[in-house]
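The structure under discussion appears below in the form of structure tokens.
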Amino acid sequence: MKKIIIFTIAATSICTLSFAQDKTEDAPKAQSFIGITGGYAHAGGNFTKSDYNNNNSGFANPSGMNMGIEGAYFFHKNFGIGGVFSNTSFYAKGKQALADGYKEAFDVDSTTVTDKGKYSTLNFLIGPYFSFPMKKFTIDLRVVGGLVNASTPEFTTYIEDQTSVTFSQKSSTANTFGFQAGAGVRYSIIKHLSVKLNADYFYSNPDFKITNENRVINTGRLITEYKQPISGVCLNFGIAYQFN
2 MKKIIIFTIA ATSICTLSFA QDKTEDAPKA QSFIGITGGY AHAGGNFTKS DYNNNNSGFA
62 NPSGMNMGIE GAYFFHKNFG IGGVFSNTSF YAKGKQALAD GYKEAFDVDS TTVTDKGKYS
122 TLNFLIGPYF SFPMKKFTID LRVVGGLVNA STPEFTTYIE DQTSVTFSQK SSTANTFGFQ
182 AGAGVRYSII KHLSVKLNAD YFYSNPDFKI TNENRVINTG RLITEYKQPI SGVCLNFGIA
242 YQFN
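For the sequence shown, this note's numbering assigns the number 2 to the initial residue and increments by one for each residue that follows.
Below is the structure:
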């Protein structure tokens, strides 16, 4: 999936640049727009690994969701500035691997791990847009960056139904810089309304400070800080209002 989307972005970029060379001076100006988007997100790297013995493992499901608001204002025929406010989220995975690891580390007969919440990023990004209208179609290229507010779920480990040794890895938040780069296409249904499809690469690297509650024994996996990239690709579909 990641290779397909990256190839789509590259192919769209090449077609756009080739088309740009053939445009004449009387070409129409790209329309400014504001709209809503949503779709599929796919992450990779250590963030999605579920190896109990690897402290870089994030135990995040690689398949997630993305939704947000996007807009751009074109002050030149093909150039503009725009922004994205979006939320990307991933559920946790690998709880049985965590439970089995703690079971062995604490040398007990049974353990259970539960989670509450999701891995989530709130993205406040802004940057340049480069667009080419072609009759009812408009090809958009963008690179946006800015603030990413990331959060982790809470994991609770129950040791043989002993309340006194039940402990939690609490949810944590962190702010960091992130960016998103990609390509898309808009199709005008009527004068001011279009549907759009975008493929983007996203990246951030938050530094989470983790609080462990009631962790009286430090045996086994103990995470007090987690810093691994949250990166991948997303494919979004949306509706936009266009204006000159």
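Glycine included, every Cβ here is placed at the ideal spot set by N, Cα and C.
Taking a contact as a CB-CB distance under 8 Å, the pair PHE138 and VAL186 counts as one, their CB atoms being some 6 Å apart. Under DSSP, HIS43 forms a beta bridge with SER64, VAL234.
The three-state reading of DSSP puts THR49 in helix, counting H, G and I together. When beta bridges are read from the DSSP output, LEU123 appears opposite ASN88, ASN150. By the CB criterion at 9 Å, GLY65 and SER87 fall outside the cutoff.
Taking the Cβ atoms as the reference, GLY59 lies roughly 12 Å from GLN170, outside the contact range of under 8 Å. Where ALA106 is concerned, the enclosing alpha helix (DSSP H) starts and stops at 96-107. Judged by DSSP secondary structure, ALA200 falls within the beta strand (DSSP E) whose first and last residues are 194-205.
The Cβ atoms of LEU126 and GLY146 lie closer than 9 Å to each other. Under the 10 Å beta carbon count, PHE80 is surrounded by fewer than 16 other beta carbons and is classified as exposed. For SER165, the secondary structure class from DSSP, reduced to helix, strand or coil, is helix. By the beta-carbon neighbour count (other beta carbons within 10 angstroms, threshold 16), GLN163 is exposed. For ARG187, the enclosing beta strand (DSSP E) has its first and last residue at 174-191. Nearest Cα to VAL166 within the set ALA98, ASP108, VAL217, ILE35: VAL217. Across the structure, ALA73 and ASN47 are spaced so that their CA atoms are roughly 34 Å apart. Here GLY39 has MET66, ASN67, MET68, GLY69, ASN237, PHE238, GLY239 as same chain residues with Cβ atoms under 8 Å from its own Cβ, once five neighbours each way along the sequence are excluded. Contact between GLY179 and PHE203 holds, with the beta-carbon distance rounding to 7 Å and staying under 8 Å.
Within the same chain, and ignoring the five residues on either side of ASN213 in sequence, the residues whose Cβ sits closer than 6 Å to its Cβ are GLN170.
Between SER173 and PHE131 the beta-carbon gap is near 37 Å, outside 8 Å, which marks them as no contact. Between TYR227 and the set VAL234, GLN181, ASN206, the nearest pair of CA atoms involves ASN206. Straight-line spacing of the CA atoms in ASP101 and THR112 works out to 7 Å. For PHE76, there is no enclosing beta strand (DSSP E), as DSSP gives it neither H nor E.
For the 9 Å CB-CB criterion, SER51 and LYS94 form a contact.
Sequence-distant Cβ neighbours of ALA241 in its own chain, meaning closer than 6 Å and more than five residues away, are PHE34, GLY36, SER195, LYS197. Burial check for ASP201: the Cβ neighbour count within 10 Å reaches 16 or more, so the residue is buried.
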